[in-house]
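Counting in the UniProt record's numbering, the sequence shown runs from 1 upward without gaps.
Note that the Cβ used here is the ideal one computed from N, Cα and C, for glycine as well.
Reading through the structure tokens given below for one structure.
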Amino acid sequence: QPLDFETTAIHNIVFQAENPEPLVPGVQYNASSFATFTLFVTDVNEAPQFPLHIFQAKVSEDVAIGTKVGNMIAKDPEGLDISYSLRGDTRGWLRIDPATGEIFTAAPLDREAESLYRVQVVATEVGGSSLSTAAGFHLALTDVNDNPPRLAKEYTGLFFCHPLSAPGSHIIQARDDDLHSFQFTFALGSESLQNDWEISKINGTHARLSTKHTSFEERVYNVPIRINDGGRPPLEATVSLSVTFCSCVEGRCFRPVGHMPGIPTVGATVGILLTTFLVIGVILTVVFIRLKKNKGKDNVESAQGSEATPLRN
């Protein structure tokens, strides 16, 4: 076994010598048959020691800041005082009393971000060689319903071909980040919508949005829907679905391209082109007339020059 100065500093070991053959009657072993071996254990400075390698605790994720969640105590073999600190507290959720080893929450906890929070507690002896040791602290967070429900994805591009030949429907899915949140209820966001729309539950996560008639205008309808997660306490959120009633081509919604700011209309474009051609025509006409006049003038001057030149014999 390992020697421990703090437990036993001196070990006295007694050796006895015996004759391999039995002693003759009347002869007994005396003090010369015994020897004492004394072992002196010298002290060596040792690091503090925790009774466990990992400490575990469990709290609800909604505990108040400053709540005590654990207490880790180490002992120094030499009896020195110990200072405690945290290592690996990446989220800044905890703090520790450096003198007592008590651990408290320092920020709001979030099970959805991390359900089992792992840090290390470091015990360092005060004075001496400042030796230290570490043990794990695992904090398990229990769930609280603190996330409202939402749609499982972005529902864009929902449409019905106009005019409707029969009532139609679309299926939607809800979710949230809380544990075991699979019992959603669905309802229309306003009573005024009940004449046109109907929302019916399919299962704990899906619902069907249906039209109740076929007399819809060709436009976009925004349909608010309330989703309740049924938790404790129950949380509810209202989402809005945009549903377009449009003319269809081969089963796809056809939307004519509207006028875009900064881009001329067809009439304006034709007017611009005609004006451009007219200006070009005027310019070409002026150039042609000037060229014709210059050519006529050159012909006249050439004729006059020929008449004035005397004939040589």
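Selected residue, minimal CA-CA separation from residue i, among the options
i           : options            : result
residue 93  : 82, 78, 74, 120    : 120
residue 199 : 290, 168, 115      : 168
residue 246 : 221, 138, 109      : 221
residue 224 : 189, 175, 63, 270  : 189
residue 146 : 129, 160, 229, 288 : 229
residue 232 : 89, 249, 62, 172   : 62
residue 206 : 153, 84, 163, 115  : 153
residue 135 : 21, 47, 273, 195   : 47
residue 59  : 279, 89, 99, 104   : 104
residue 244 : 81, 32, 13, 162    : 162
residue 37  : 253, 12, 197, 56   : 12
residue 116 : 89, 27, 130, 96    : 89
residue 252 : 241, 160, 144, 118 : 160
residue 57  : 237, 137, 131, 289 : 137
residue 131 : 83, 144, 270, 25   : 83
residue 8   : 144, 22, 39, 176   : 39
residue 14  : 25, 27, 22, 31     : 31
residue 242 : 197, 273, 286, 95  : 197
residue 219 : 10, 164, 177, 21   : 164
residue 156 : 239, 269, 28, 54   : 239
residue 203 : 114, 174, 86       : 174
Burial state of residue i (16 or more Cβ within 10 Å)
i           : result
residue 294 : exposed
residue 125 : buried
residue 111 : buried
residue 107 : exposed
residue 149 : buried
residue 76  : buried
residue 209 : buried
residue 128 : exposed
residue 141 : buried
residue 81  : exposed
residue 281 : exposed
residue 254 : exposed
residue 34  : exposed
residue 284 : exposed
residue 277 : exposed
residue 2   : exposed
residue 97  : exposed
residue 227 : buried
residue 211 : buried
residue 279 : exposed
residue 288 : exposed
residue 350 : Here the chain comprises residues numbered 1 to 313, so residue 350 is not present and cannot be evaluated.
residue 109 : buried
residue 122 : buried
Helix, strand or coil at residue i [DSSP, three-state]
i           : result
residue 291 : helix
residue 281 : helix
residue 271 : helix
residue 31  : helix
residue 211 : strand
residue 276 : helix
residue 63  : coil
residue 286 : helix
residue 112 : coil
residue 10  : strand
residue 260 : Note that residue 260 scores 45 on pLDDT, short of 50, meaning its location in the model is unreliable and no value can be drawn from it.
residue 249 : strand
residue 216 : coil
residue 130 : coil
residue 205 : coil
residue 165 : coil
residue 179 : coil
residue 95  : strand
residue 16  : strand
Rounded distance between the beta-carbons of residue j and residue i, thought under 8 Å
i           : j           : result
residue 133 : residue 49  : 6 Å
residue 65  : residue 101 : Going by Cβ atoms, the distance from residue 65 to residue 101 rounds to 19 Å, so no, they are not a contact pair.
residue 151 : residue 172 : 6 Å
residue 158 : residue 69  : Wrong, their Cβ atoms sit about 47 Å apart, outside the cutoff.
residue 143 : residue 179 : 4 Å
Residues that residue i bridges to, as DSSP identifies them
i           : result
residue 189 : Residue 189 pairs with nothing; no bridge assigned.
residue 227 : 186, 237
residue 75  : 49
residue 68  : 104
residue 90  : DSSP lists no partner for residue 90.
residue 194 : Per DSSP, none; premise fails for residue 194.
residue 118 : 138
residue 221 : 243
residue 125 : 82
residue 153 : BP columns for residue 153 are empty, so no partner.
residue 56  : 138
beta-carbon residue i near the ligand COA non-hydrogen atom, thresh 7 Å
i          : result
residue 89 : Because no ligand of any kind appears in the structure shown, any question about the ligand COA cannot be addressed here.
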